Amino acid sequence: MTASPHAAAHLAQLNVATLLHPLDDPRLAPFVEQLDPVNAAADGTPGFVWRLVEDGAADATALRPAGEDVIVNLSVWETQEALWDFAYRSGHLEVMRRRRDWFARHVESHLVLWWVPAGHVPSVTEALERLAELRANGPSPRAFTFASSYSATEAAEHAEHVEHAEHVEAASAGQSPAC
Numbered sequence: 005m006t007a008s009p010h011a012a013a014h015l016a017q018l019n020v021a022t023l024l025h026p027l028d029d030p031r032l033a034p035f036v037e038q039l040d041p042v043n044a045a046a047d048g049t050p051g052f053v054w055r056l057v058e059d060g061a062a063d064a065t066a067l068r069p070a071g072e073d074v075i076v077n078l079s080v081w082e083t084q085e086a087l088w089d090f091a092y093r094s095g096h097l098e099v100m101r102r103r104r105d106w107f108a109r110h111v112e113s114h115l116v117l118w119w120v121p122a123g124h125v126p127s128v129t130e131a132l133e134r135l136a137e138l139r140a141n142g143p144s145p146r147a148f149t150f151a152s153s154y155s156a157t158e159a160a161e162h163a164e165h166v167e168h169a170e171h172v173e174a175a176s177a178g179q180s181p182a183c
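Note that this note's numbering gives residue 49 to position 45 of the sequence shown, counting from 1, and the numbers run on in steps of one.
Shown next as C-alpha cells:
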C-alpha cells in the first residue's frame, strides 16, 4: 500500500490568553505552578511533536508577540486526535476548567489549527497570521478550530486550488506565473 501524499502533515495549534494579572501576581500562582507539569505532560504525550519555548526557558510565557498581557501557546502534533486527547483528556483539562480565574473571557477566536508539512516548525508570525485569518474570514482549510476542522488532505487540496487560481489570474493579467 502506498502512503498518501498528504500523510506527512502535522497539526499546528496556537492559542492565546489575555492575563487578568501579571504572571508574578499571587493570584496567578496556581496557574504558574501548573506550567511545568502540564508542559512535561504535553512533551510526553503520544503524538506530541514540538512546542514553542523561549531560549533558555522551559516555556514561552515571557514571549509576548500578541501584546504585553497576552501569553501564547504554539505547538505541533502528529494528529488532531493527539492534540484533542491532551487538551481534553489529561491533566490539562483541569487547567482549562480554571482559566476564568487567570484569563480574560475571549471576545474573538483564541485558538487556531492548521496543517503543516511534517518537520516544519511554524513561526510565531505564521501562527498569528493564521489566527488573524480565522478571525477575519472564519474557518477554512488554512485556519480552523476543533469545531470546524479540516483534514490534511482538504488543506492540501485547498492550497493546490488557490495556487492554481493564482497562476490562472497571473496568466490572464499577462504576467509570468511564479513557480
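Cβ atoms here follow ideal geometry from the backbone N, Cα and C, with glycine treated the same way.
Computed from a predicted structure; not experimentally measured.
| said: Per the DSSP calculation, S79 is bridged to which residue(s)? | reply: S79 pairs with Q17 and R55.
| According to the neighbour-count rule (16 or more other Cβ atoms, all chains shown, within 10 Å of its Cβ), is R102 buried or exposed? | So R102 counts as exposed.
| 4 or more residues per run - each alpha helix (DSSP H) lying fully within the region 99 to 165 | Segments of the alpha helix (DSSP H) lying fully in the region 99 to 165: 103 to 106 and 128 to 141.
| query | What did DSSP end up calling L186 once you bin it into helix, strand or coil? | reply | Here the chain covers residues 5 to 183 and nothing more, so residue 186 does not appear.
| said: Quick test of your reading: S113 and R146, contact by CB under 8 Å. State the CB separation rounded to the nearest angstrom. | reply: The pair is not a contact, with the Cβ atoms about 14 Å apart (cut-off 8 Å).
| query | So what does DSSP say about L23, is it helix, strand or coil? | reply | Note: L23 maps to strand in three-state DSSP.
| query | What's the C-alpha gap between A3 and A163? | reply | Since the displayed the chain opens at 5 and closes at 183, residue 3 lies outside it and no answer follows.
| Tell me, which residues are paired with V74 by DSSP? | Bridge partners of V74 according to DSSP: T22.
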